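In the numbering used here, the protein residues as written are 287 to 677.
Next comes the structure, spelled out in structure tokens:
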């Protein structure tokens, strides 16, 4: 049985070059980077190099990069930090209703502690309106947080235009770029944003390491208190091997960005071509213009059947994908993103997210398309609602 991984937006395999860069920091270069003797200084040199590599990926300065345990921590740090730092100015945050739960749940936490949050709605393809943001800004708004690339439907937001609106009003702008870095060009100087959240495991780096870009001159409180690591801003002994791995992954992502985009876009388009040709009664969720969505993302609803049933059958064929329904995570109901773009519940329940990556081949896509056709036909034959009105 062939094994095909099409869930690159969930996580990516760690590239061999990254692993090779990390191994010495578990063995020979294991010193504490805060120590002043030679092994510690060698470890610190690795951290400094990685900070530069991550900074170069987004055209930032090394001093603007702060390593965290993950993208979620970076999101929490920004939202809670700005809310605390600017509490005398105001208590209003603006975000969207399709953010990752790292943002949405943090906003809900802040609402319980006196913050007001406006959740901007999006259109049928998941785009935020610049005009809606302008209308939502208030004198007491302290932060706008809008993700750069949606993790479910791949929508690439007009971050530069949105950030410009916030800047005109003197409001900080944060973007969760976890799905963006390494997949689309990200230049902090061009975007003119104040904060960016990042994660290594989405760009063929290790899990357990992320970073926050904080524009020079901005001060927010520490999220973790203790030692003087990360310029006294984020306490805790550094994950040296993870940071070095992130740095190498960032270097590879920068060097190979154009090739990665071309490869992913081509295979994503081919997968859609096969699905659209072979399987009737389907719906594309997210932007129809593929240049406006994550290059490897394809989110498709299959009428009359549950996405979870498709996922489990694909798994039996050795194929890994994600379901568009929240059911698989132990929650009831459909994805909040599909709800936000007004996908009917019956169609949202049958949604599958496919994401291709650097190790995907055309043969993989053919195997997935052939297997999917058989699975959908079988499940529809079994479905009690197949052909019923309302689907």
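Here a beta-carbon is modelled for each residue, glycine too, at the ideal position from N, C-alpha and C.
Predicted model only: the values in this text are computed from it and were never measured.
Could you tell me which of 439, 425, 299 and 454 sits nearest to residue 576, measuring between CA atoms?
Selected option, being the one with the closest Cα: 439.
4 or more residues per run - each alpha helix (DSSP H) lying fully within the segment 563-609
Taking 4 residues as the shortest admissible run, the segment 563-609 contains the following complete alpha helix (DSSP H) segments, listed from N- to C-terminal end: 593-602.
Is the Cβ-Cβ distance between residue 290 and residue 531 less than 8 Å?
For residue 290 and residue 531, no; Cβs fall outside 8 Å.
Does the beta-carbon of residue 398 have 16 or more other beta-carbons within 10 angstroms, so that it is buried, or is it exposed?
With fewer than 16 Cβ atoms within 10 Å of its Cβ, residue 398 is classed as exposed.
When you compare the CB positions of residue 680 and residue 642, do they come within less than 8 Å of one another, or not?
There is no way to answer for residue 680, as the model of the chain reaches only from 287 to 677.
Are there three or more Cβ pairs, one per stretch, closer than 8 Å when the segment 457-477 is compared with the segment 651-663?
Of all C-beta pairs linking the segment 457-477 to the segment 651-663, fewer than three are shorter than 8 Å, placing the two stretches out of contact.
DSSP state of residue 530, grouped into three classes?
Secondary structure at residue 530: helix, using DSSP grouped into helix, strand and coil.
Run of the beta strand (DSSP E) containing residue 366, from where it starts to where it stops
Where residue 366 is concerned, there is no enclosing beta strand (DSSP E), although the alpha helix (DSSP H) it sits in stretches over 357-371.
Quick check: residue 485 and residue 311, are their CB atoms within less than 8 Å of each other?
Residue 485 places its beta carbon 8 Å or farther from that of residue 311.
State yes or no: is the C-beta of residue 352 within less than 8 Å of the C-beta of residue 498?
It is a contact, given that the beta carbons lie within the stated cut-off.
Hey, how far is the Cα of residue 669 from the Cα of residue 475?
Near 52 Å, if we compare the C-alpha coordinates of residue 475 and residue 669.
Contact under 8 Å by Cβ, residue 578 with residue 442:
Their beta carbons are under 8 Å apart, which means residue 578 touches residue 442 by this criterion.
Separation of residue 487 from residue 302, as counted between CA atoms
Cα-Cα distance, rounded: 14 Å.
Check whether the Cβ atoms of residue 521 and residue 513 lie closer than 8 Å to each other.
Against a cut-off of 8 Å, the Cβ pair of residue 513 and residue 521 comes out as a contact.
8 Å Cβ cutoff met for residue 462 and residue 380:
No, Cβ-Cβ distance for residue 462 and residue 380 is not below 8 Å.
Can you tell which of 664, 558, 300 and 584 has its C-alpha closest to the C-alpha of residue 437?
With distances taken between Cα atoms, residue 437 lies closest to 584.
Grab the span of the alpha helix (DSSP H) containing residue 651 for me, first residue to last.
In the DSSP annotation of this structure, the continuous segment of the alpha helix (DSSP H) that includes residue 651 starts and ends at 648-668.
Candidates 636, 564, 472 and 605: closest to residue 687 by CA position
A query on residue 687 cannot be resolved here, the shown segment of the chain reaching from 287 to 677 and no further.
So, residue 288 versus residue 604, is the Cβ gap smaller than 8 Å?
Yes, the pair counts as a contact, with Cβ atoms nearer than the cut-off.
My output table needs one value for residue 497: the three-state DSSP class, helix, strand or coil.
Looking at residue 497 - three-state DSSP - the assignment turns out to be strand.
Closest to residue 348 by C-alpha separation, out of 383, 356 and 339, would be which residue?
Residue 348 has its Cα closest to that of 339, out of 383, 356 and 339.
Own chain residues within Cβ distance below 6 Å of residue 569, not counting five before or after:
Cβ neighbours of residue 569 beyond the five flanking positions: 587 and 633.
Length at least 3, wholly inside the segment 405-429: the beta strand (DSSP E) runs in chain order
Whole beta strand (DSSP E) segments, 3+ residues: zero.
For my contact list, residue 293 and residue 550 are in at a C-beta cut-off of 8 Å; report their separation, rounded to the angstrom.
Actually they do not touch by this definition, with Cβ atoms about 13 Å apart.
Starting from residue 462, follow the beta strand (DSSP E) in both directions and report where the run begins and ends.
458-462 is the span of the beta strand (DSSP E), which, as asked, contains residue 462.
Who pairs with residue 287 in a beta bridge, going by DSSP?
Listed as beta-bridge partners of residue 287 by DSSP are no residues whatsoever.
Of the listed residues 456, 377, 343 and 509, nearest to residue 420 (C-alpha basis)
The shortest CA-to-CA distance from residue 420 to any of 456, 377, 343 and 509 is the one to 456.
Cβ neighbours of residue 424 in the same chain (closer than 8 Å, five flanking residues each side left out):
Residues 376 and 378 of the same chain have their beta carbon placed closer than 8 Å to that of residue 424, with the five preceding and five following residues left out of the count.
Looking only at its chain, what residues have a beta carbon closer than 6 Å to the beta carbon of residue 369, apart from the 5 residues adjacent to it on each side?
These residues qualify, in order along the chain: 396 and 401.
What do you get for residue 327, buried or exposed, if any count of 16 or more other CB atoms within 10 angstroms of its CB means buried?
Per the 10 Å Cβ criterion, exposed.
Just list the residues that DSSP pairs residue 452 with in beta bridges.
For residue 452, which the question treats as bridged, DSSP gives no partner whatsoever.
Rounded separation between residue 561 and residue 481 - CA only
Between residue 561 and residue 481, the C-alpha separation is close to 38 Å.
Distance between residue 331 and residue 242 (C-alpha atoms, nearest Å):
Absent from the structure is residue 242, since the part of the chain shown begins at 287 and ends at 677.
Selection from 666, 371, 333 and 308 that minimises the alpha carbon distance to residue 505
Proximity to residue 505 across 666, 371, 333 and 308 peaks at 371, based on C-alpha coordinates.
Continuous alpha helix (DSSP H) stretch holding residue 389: start and end:
Taken as a continuous stretch (DSSP letters only), the alpha helix (DSSP H) holding residue 389 covers 387-397.
By the DSSP assignment, the beta strand (DSSP E) with residue 639 in it spans what residues?
Annotation: the continuous beta strand (DSSP E) that includes residue 639 extends over 637-641.
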